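Undergrad: Okay, so the sequence shown: first residue is 1 according to full-length UniProt numbering, each after it adds one.
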Amino acid sequence: MPIPECPPLPVPDIDPAAALLFVINAASGRHDADVTRQVIETALLAAGRTGELLFAPPDDLVRVAQRAARMATERRTAVIAVGGDGTINTVAQAAHAQGCALGVMPQGTFNYFARTHAIPTDPAAAAQALLRGAPVAIQVGLINDRVFLVNASVGLYPQLLEDREAYKARFGRSRLVAFGAGLVTLLGRHRQLRLRIELGANAREITTPTLFVGNNRLQLEQVGLSQASALDEGCIAAVMLRPIGALAMLGLIWRGAMGTLGEADTVESFKFQRMRVKPRRAWGRRTVKVAFDGEVSRMSMPLQFQVSPQPLYLLKSRAEPAVSDAEQGHT
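1) Starting from Ala152, follow its DSSP beta bridges and name the residues at the other end.
2) Rounding to the nearest angstrom, what Cα-Cα distance links Gly262 and Asn111 in this structure?
3) Whose C-alpha, out of Gly200, Met240 and Thr210, is nearest the C-alpha of Gln304?
4) Just confirm the distance between the C-beta atoms of Ile119 and Val82, as a whole number of angstroms; I'd bet it's less than 8 Å.
5) Straight-line CA distance for Glu327 to Thr121?
6) By the three-class DSSP mapping on this structure, what secondary structure does Phe305 have?
7) How many angstroms separate the CA atom of Leu9 from the CA atom of Ala248?
8) Per DSSP, which residues does residue 360 bridge with? Please list them.
9) Within the continuous alpha helix (DSSP H) that includes Phe113, where are the two ends?
10) For the putative contact between Asn216 and Thr116, defined by C-beta atoms under 8 Å, what is the C-beta separation to the nearest angstrom?
11) Using 8 Å as the cut-off, classify the Cβ of Pro158 as near or not near the heavy atoms of the ligand SAM, replying yes or no.
12) What would DSSP say about Arg76, mapped onto helix, strand or coil?
13) Work out the CA separation of Asp60 and Ala101 for me, nearest whole Å.
14) Any contact of the segment 193-210 with the segment 220-227, i.e. 3+ C-beta pairs under 8 Å?
15) Please classify residue 366: is it buried, with 16 or more other beta-carbons within 10 angstroms of its beta-carbon, or exposed?
16) Does the beta-carbon distance from Ser317 to Gly133 come in below 9 Å?
17) What's the C-alpha gap between Ala68 and Arg242?
18) DSSP puts Thr287 in a beta bridge; with which residues?
19) How would you write the range of the beta strand (DSSP E) that Ile236 sits in, first residue to last?
20) Under the three-state reduction of DSSP, which class applies to Ala126: helix, strand or coil?
21) Classify Asp85: buried if its beta carbon has 16 or more other beta carbons within 10 angstroms, exposed otherwise.
22) Under a three-way DSSP split, which group does Pro58 fall into?
23) By the DSSP assignment, the beta strand (DSSP E) with Val11 in it spans what residues?
24) Would you tell me roughly how many angstroms separate the C-alpha atoms of Ser269 and Met299, rounded to the nearest one?
25) Using only alpha-carbon positions, find the residue among Ala72, Val154, Leu220 and Thr109 that is nearest to Ala17.
26) Going by beta carbon distance, what residues of the same chain come within less than 7 Å of His330, once the five residues before and after it are set aside?
27) Within the same chain, show all residues whose beta-carbon is closer than 6 Å to that of His96, passing over the 5 residues directly before and after it, in chain order.
28) What span of residues does the alpha helix (DSSP H) with Thr87 cover, start to end?
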C-alpha cells in the first residue's frame, strides 16, 4: 500500500557562522568526556567553525536532544549526535521531528548506521567529515511514532538486546561479548508470538519467535538477505522465522555468520512500505517489548511499521559511497 503523498520538509539551510550543537551522552567516564571534547574542539578550530557541547546524562538525553533540535532550527545550524546507536536514535528522533540537519559521531559497537553512510568510526575523522558535509535526505523507518534508522523488531531480538547489555555490564563492551551473549539467547527457549500482520488489503496470521524489520543495507547484506535491495525502492524489509528448535537455530546462526541466512527455508523475508501488526486474538497482549536501534521499550499494540513520509537530513558527502567492513578494518 503506497504511502500517502505529502510535501517533504525543505532541505535545511545551514549558516556556516552558526555554532553546531553537539549532543553527547555523558554516561561515559570523565576521561572519555575530556577526550571527546578535545577531539571536537580541535576539529572545529581547524575548520574555522564554532560549536556548543551539550553533555546529557542518559535520563535527560531526550529533553536535551529535543531542545538542541529546536535551537538548531531557530539558528539555522545542525545538531550532532555523539554516542552509540541509542544516542544517535534519540537525537535523530528530535532532528526528524524538527526537520533540522543531523550529524553523527559514532561511538557504538557495530555502528551500522554510520558505516552505511560512509561516516568514519574514528572520532577525529568523523568530526572532520561532518564539518565538510551537507544535508542529504535519507530514508528512515517508523514504528508507531518512533523513528528507527537501522532496525526495529519484536520477540526474540529485544530479548537478545537485553541479555547483551547484561553481559556487557558484567564482561565489558566488545564484539566478542556481544556475540557470546547473542549465542546464549538464541539457543535458549523462545516464546512464540501469535500475530496478525496486515499489508494493505492483505492479511495473514503467523506464529514466529521474532519479527524483524530492517532499514539498513549493510546489516541486511551481511547476513545474506536479498531484501537489502528493497531500500532502493523506497521500502523496508521484514524478516521472520518459523518456529524452530535449538539445533535449527544453531544452523541459522551459522548461516547468518556466513552471509547465507536468506537461503534457509525457515526464514521468510519480504519488502513493504506500511505494515500493521496486532495480536491474533482480540484479547491478546496490549503491549509488547520493541527493540529499535539497540534500545528496548514497551509499546502499545497494534504496531504500525512504515517508511517515514518525511526523510531525515544527514550531514554527509554526496560523493562518498558507503564504507565496507574491509575499508574500516571490521571483520
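Each residue gets a CB set at the ideal place from its N, CA and C atoms; glycine is no exception.
Keep in mind that this is a model prediction, so the values were computed, not measured.
TA: This is what the structure holds:
1) Answer is Val213 and Phe292.
2) Their Cα atoms are separated by approximately 22 Å.
3) Measuring from the Cα of Gln304, the nearest candidate turns out to be Gly200.
4) Between Val82 and Ile119 the Cβ distance is about 12 Å, and since that is not below 8 Å, they are no contact.
5) In this predicted model, Glu327 has a pLDDT of only 39, less than 50, meaning its place in the structure is not dependable; the value taken from the coordinates is given anyway. Those two C-alpha atoms are separated by around 11 Å.
6) Look at Phe305 here: in three-state DSSP terms it is strand.
7) Straight-line Cα distance between these residues: approximately 47 Å.
8) A question about residue 360 goes unanswered here, because the residues of the chain that appear run from 1 up to 331.
9) Tyr112 to Thr116 is the extent of the alpha helix (DSSP H) around Phe113.
10) Taking C-beta atoms under 8 Å as the contact rule, Asn216 and Thr116 qualify, at a distance of about 6 Å.
11) This structure does not include the ligand SAM; it has no bound ligands of any sort.
12) Coil at Arg76, not helix or strand.
13) Straight-line Cα distance between these residues: approximately 21 Å.
14) With a cut-off of 8 Å, the segment 220-227 and the segment 193-210 do not count as touching, because too few Cβ pairs lie within range.
15) In the structure displayed, the chain extends from 1 to 331; residue 366 sits before or after that span and is not available.
16) The answer is yes: Cβ separation under 9 Å.
17) Rounded to the nearest angstrom, the two C-alpha atoms are 43 Å apart.
18) DSSP lists Ser300 as partners of Thr287.
19) From DSSP, the beta strand (DSSP E) with Ile236 extends over Ile236 to Leu241.
20) Of the three classes helix, strand and coil, the one that applies to Ala126 here is helix, per DSSP.
21) Classification of Asp85: buried, given that the 10 Å Cβ count is 16 or more.
22) The answer is helix: DSSP assigns Pro58 an H, G or I state.
23) It is not in any beta strand (DSSP E) - Val11 carries neither H nor E in the DSSP assignment.
24) Computed Cα separation, rounded: 23 Å.
25) Selected option, being the one with the closest Cα: Ala72.
26) With a pLDDT of 38 at His330, under the threshold of 50, the modelled position of that residue is not reliable, and the figure given next carries that caveat. Cβ within range, chain order: n/a, list empty.
27) If we look at His96 and ignore the five residues flanking it on each side, its Cβ neighbours are Val147 and Leu312.
28) Annotation: the continuous alpha helix (DSSP H) that includes Thr87 extends over Asp85 to Gln98.
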